[in-house]
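Numbering (our numbering), first residue to last: 1 to 421.
Reading through the C-alpha cells given below for one structure.
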Amino acid sequence: MFDRPESGERAVLVHITLHDGQEDLNELKELASSAGAEVVHVLTGSRRHPDPRYFIGSGKLEELKAIIEETEADLVLFNHVLTPSQERNLEAELEFRVVDRNGLILDIFALRAKTYDGKLQVELAQLNHLSSRLTGGWSHLDRQKGGIGMRGTGETQLESDRRLVSQRIKLVESRLEKVVKQRHQGRVRRKRSDTPGVSLVGYTNAGKSTLFNRLTGSDIYVANQLFATLDPTMRRCRLANNSEVVLADTVGFIRHLPHELVAAFKSTLQEATDADLLLHVIDASDEYRKETIYEVNRVLKDIGADKSPQLEVFNKIDLLDDFAPRIDRNDQGRPVRVWLSAQTGAGMDLLLQALEEIFSATRVRRLCHLLSSQGGVRSQLFSVANILQEDCTDEGGWDLLVEIDQQYLGILREVEIEEIV
C-alpha cells in the first residue's frame, strides 16, 4: 500500500454531475478550504450513474492519474459518498490517498471539536464511518491460504480490529449517554424556572455565531468558514423588558448532512428539538438561500424539531443593495421574519423587539403596594421586571406598576398586589 503523508494538503477535487442528483461544487471548495486544503485542480465530468467499481469511469480514472502526477497533489477529495469498496479500489489503483465527502466533513468536525462531549460525538461518527471500511483496510489478510504452513492469520487480525472498534463504540456511546442525561437535566431545570429556550439553527456560515455574540455579548469563535464552531454554546440574553431567554448556538447544517453525523450529534441537536423558539438564521445575500432553507428544514424534520415555532432571521443585509432592517409579520401581526446585519448591528433592536413580542404572552401586569420595609423586593423588581410607573406613598413605601414574567411572581408573595387587565 502507499504511504499516507502526515502533512501536505494539496488537493485534487473530483465532482461528477449525476442525472439522479448531485452535490454542490462550490460547497466542496468551501469544505476543502475549511479543512485546510489547497485546491490545485478540479476534475469534473458527467455520468448517468456511478461506476460500481471506481465511481468514475476508466477514462476519468486515467485523467485523474495524470492530474495527480502533474500537480504533485497530496490527496483526492470526492464530492460524493463513496462505498468502502470504491474507496479501496481507487486507492489501490491510484496508489494515493482518497477521501470522500463524508470523510472530509468528519475531518473538519474533528478539527473544530473542543469540548469533551463534542470530541465524543466526533469520535463516535468517525468510528461508525471506519467500521464499514475495516475489511478494505485489511483485505490482504482477510483470507486463508491453502496447504499446511500456508494458512494466514488475516481473519483473526480482521476480527480483532472489528472487536476493538466495536468495544470503543460501546464505550463512547455509554459516555455520551451520560452527556445526554446531563443536558436533559439542564433543560428540565430551565423548564422548571420557566426561562424560555431559543436555539439558533441554520445553514453553516450563515452568521449564527456572529448573531449569538451580538445578542449575548459573548466572544465565541467566528470565521468565514464552514463549521467554524461546532461545540454547542449556551448563554442568557436579557430583553428590553428585563425578561430573559437562554440562547443555544448549534452546529450548522449543509446539503445532505451525513446520517452518522446527525445520529452522533443528536444530543447537541436536541437543544433545537426542545427549544421554545428556533431562530432560523439565513444568509440574505446567498443566491441559493431557498435551497439552504429547504435543507435546514429537512434536517430539523429528521431530528423531530420541525414542529417547533420558528422566527426567520435574514442576516447579512449589509451585503445587499439599498436594504433596510425590518420586521415581517403574518396576518395575525405576529413577527415571522427579521431582516438585519449581525456584523454591523443594524436591525438588532428589531430582533430583540420581535423576541419580546413573541414571549410577551408569559408576562403579566401587576400594581404592587410595597411597604417602606420592602426595599429589597423593590430592588429585585427593578432587576427582573419592566417598571412602568412608580409613586411614593405617604407612609414611605412605593406603588409600582410592573410588567413581570410569570416565572418571577414568587418575588411578590409577601406583597399586596392588584392584577391589571
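Built from N, CA and C at the ideal position, the CB exists for glycine as well.
Open item on the list: Looking at the secondary structure, which residues open and close the alpha helix (DSSP H) in which residue 299 lies?
Closed with: 289-302
Open item on the list: Here's the rule: buried if 16 or more other CB atoms are within 10 angstroms of the residue's CB, otherwise exposed. What is residue 325?
Closed with: Within a 10 Å sphere around the beta-carbon of residue 325 sit 16 or more other beta-carbons, which makes this residue buried.
TODO: Sort 198, 75, 114, 105 by Cα distance to residue 95 and report the nearest one.
DONE: 75
Open item on the list: On the criterion of 16 or more Cβ atoms from any shown chain inside 10 Å, does residue 408 qualify as buried, or is it exposed?
Closed with: A residue is called buried once 16 or more other Cβ atoms fall within 10 Å of its Cβ, and residue 408 is buried on that count.
- [ ] Give a yes or no on whether the C-beta atoms belonging to residue 89 and residue 53 are separated by under 8 Å.
- [x] yes
- [ ] Scan the region 326-371 and note each continuous alpha helix (DSSP H) run of 4 residues or more that stays entirely inside, going in chain order.
- [x] 348-359
- [ ] Would you kindly report the start and end of the unbroken beta strand (DSSP E) that includes residue 15?
- [x] 10-18
- [ ] Would you give the residue range spanned by the alpha helix (DSSP H) that residue 93 belongs to?
- [x] 84-94
Open item on the list: Does residue 319 pass the burial test, meaning 16 or more other C-beta atoms within 10 Å, or should it be called exposed?
Closed with: exposed
TODO: Mind reading off the beta-carbon distance from residue 400 to residue 381? Whole number of angstroms is fine, and I expect it under 8 Å.
DONE: Indeed, because the Cβ distance is near 6 Å, the residues count as touching under 8 Å.
Open item on the list: Do residue 351 and residue 364 have their beta-carbon atoms positioned less than 8 Å apart in this structure?
Closed with: no
TODO: Specify, as a first and last residue, the run of the beta strand (DSSP E) that residue 418 falls within.
DONE: 416-420
Open item on the list: Can you tell me which residues form a DSSP beta bridge with residue 46?
Closed with: 17
TODO: For residue 167, count neighbouring Cβ atoms within 10 angstroms of its own Cβ and tell me buried if that reaches 16, exposed if not.
DONE: exposed
Open item on the list: Below 8 Å on the Cβ atoms is my contact criterion, and I expect residue 356 with residue 200 to pass it. Report the Cβ-Cβ distance as a whole number of Å.
Closed with: That pair is no contact at about 17 Å.
Task: Cβ-based burial, residue 204 [other Cβ within 10 Å; buried from 16] - done: buried
Task: DSSP three-state assignment for residue 80, whether helix, strand or coil - done: Residue state, collapsed to three classes: coil.
Open item on the list: According to DSSP, is residue 199 part of a helix, a strand, or is it coil?
Closed with: In the displayed model, residue 199 falls within a strand according to three-state DSSP.
Open item on the list: My output table needs one value for residue 69: the three-state DSSP class, helix, strand or coil.
Closed with: helix
TODO: Assign residue 87 to one of two classes, buried (16 or more other C-beta atoms within 10 Å of its C-beta) or exposed (fewer than that).
DONE: Classification for residue 87: buried.
- [ ] From the DSSP output, in three-state form, read off residue 395 for me.
- [x] DSSP places residue 395 in coil when its eight states are reduced to three.
Task: Pairwise C-alpha distance: residue 93 and residue 18 - done: Distance between residue 18 and residue 93, taken at the CA atoms: about 23 Å.
- [ ] Examine the Cβ distances between the region 36-47 and the region 64-75 and report whether three or more of them are shorter than 8 Å.
- [x] yes
- [ ] Taking all protein chains shown into account, decide if residue 79 is buried (16 or more other Cβ within 10 angstroms of its Cβ) or exposed.
- [x] buried
Task: residue 216, enclosing alpha helix (DSSP H) - first and last residue - done: Element bounds for residue 216: 208-216.
TODO: To the nearest angstrom, report how far apart residue 82 and residue 385 are at their CA atoms.
DONE: 57 Å
TODO: Please state if the CB of residue 354 and the CB of residue 317 are separated by a distance shorter than 8 Å.
DONE: no
Task: Sequence-distant residues of the same chain with beta carbon closer than 6 Å to residue 147, five excluded per side - done: At residue 147, the pLDDT of 45 sits below 50, so the modelled position is not reliable and the matter cannot be decided from this model.
- [ ] Please determine if the region 118-128 and the region 171-178 are in contact, where contact requires at least 3 C-beta pairs separated by less than 8 Å.
- [x] At 8 Å Cβ cutoff, the stretches touch.
- [ ] Output the distance between the C-alpha atoms of residue 105 and residue 31, rounded to the nearest integer angstrom.
- [x] 7 Å
Open item on the list: Can you tell me whether residue 105 is helix, strand or coil according to DSSP?
Closed with: helix
Task: Nearest-angstrom Cα separation, counted from residue 25 out to residue 33 - done: Their Cα atoms are separated by approximately 13 Å.
- [ ] Tell whether a beta-carbon distance below 8 Å holds between residue 311 and residue 282.
- [x] no
Open item on the list: Helix, strand or coil, according to DSSP, for residue 318 in the structure here?
Closed with: In this structure, residue 318 counts as helix in the three-state DSSP scheme.
Open item on the list: I believe residue 198 touches residue 275 by the beta-carbon criterion, under 8 Å. Please report the beta-carbon distance rounded to the nearest angstrom.
Closed with: 6 Å
TODO: Starting from residue 386, follow its DSSP beta bridges and name the residues at the other end.
DONE: 403
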